[in-house]
Amino acid sequence: MKAPSQFIVRETFRHTRPELVRAILRRYGFERRVKAGRTDQGRQESEIWALPDSHGGYWLVRIDATGHDTWYHFGQRPHYHKEWVDSESVLNRYLREYTPEAWIYSDSGLLIGRAGGGEIQPDRKAKVQHILR
């Protein structure tokens, strides 16, 4: 299933404190699914918030409180991700590990592409999807 072209949360998160982002997410109805501590691929202190959509998919916001190891310097600082997955089975994998089937969005809410897709030059995609705190 193709992801929606616009992320459900209209507010931008760049340079926003985590407690304010959490308040915005609660207002939209998001629920925290994973507390800090997801550690796959060097991620530490990731917090994942999810909101089901009307078609069986899930809107996701990941708060990477300490940054994570990455090839790209954008991810080494604390940051946020706006993402969407198309099913509960993909969500369950996403909560445990990197999931290339996830769709990623810019801070302004525009669809970028798949996390694992090659349709966008990787360095540009990494820069756009890491929303710096």
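Numbers in this note's numbering are just positions in the sequence shown, counted from 1, shifted up by 10. Where a beta carbon is used, it is the ideal one built from N, C-alpha and C, also for glycine.
Assign K12 to buried or exposed, taking buried as 16 or more other Cβ atoms, counted over all protein chains shown, within 10 Å of its Cβ. For this step, residue 12 is matched to residue 2 along the sequence shown. Exposed is the call here.
Comparing C-alpha positions only, which one of E111, P88 and R42 sits nearest to T144? Shown here, the chain extends from 11 to 143; a query on residue 144 therefore has no answer.
Grouping DSSP H, G and I as helix and E and B as strand, with all else coil, what is P28? Taking the sequence shown and counting its residues from 1, one reaches residue 28 at position 18. Correct three-state label for P28: helix.
Bridge partners - I114, DSSP secondary structure assignment: Working through the sequence shown from its first residue, we reach residue 114 at position 104. Answer is E93 and G123, bridged to I114.
Buried or exposed (CB count within 10 angstroms, at least 16 for buried), R106: What you label residue 106 is simply residue 96 of the sequence shown in a count that begins at 1. The residue in question, R106, is exposed, as its Cβ has fewer than 16 Cβ neighbours within 10 Å.
What would DSSP say about L105, mapped onto helix, strand or coil? As a position in the sequence shown, residue 105 is number 95, starting the count at 1. Correct three-state label for L105: coil.
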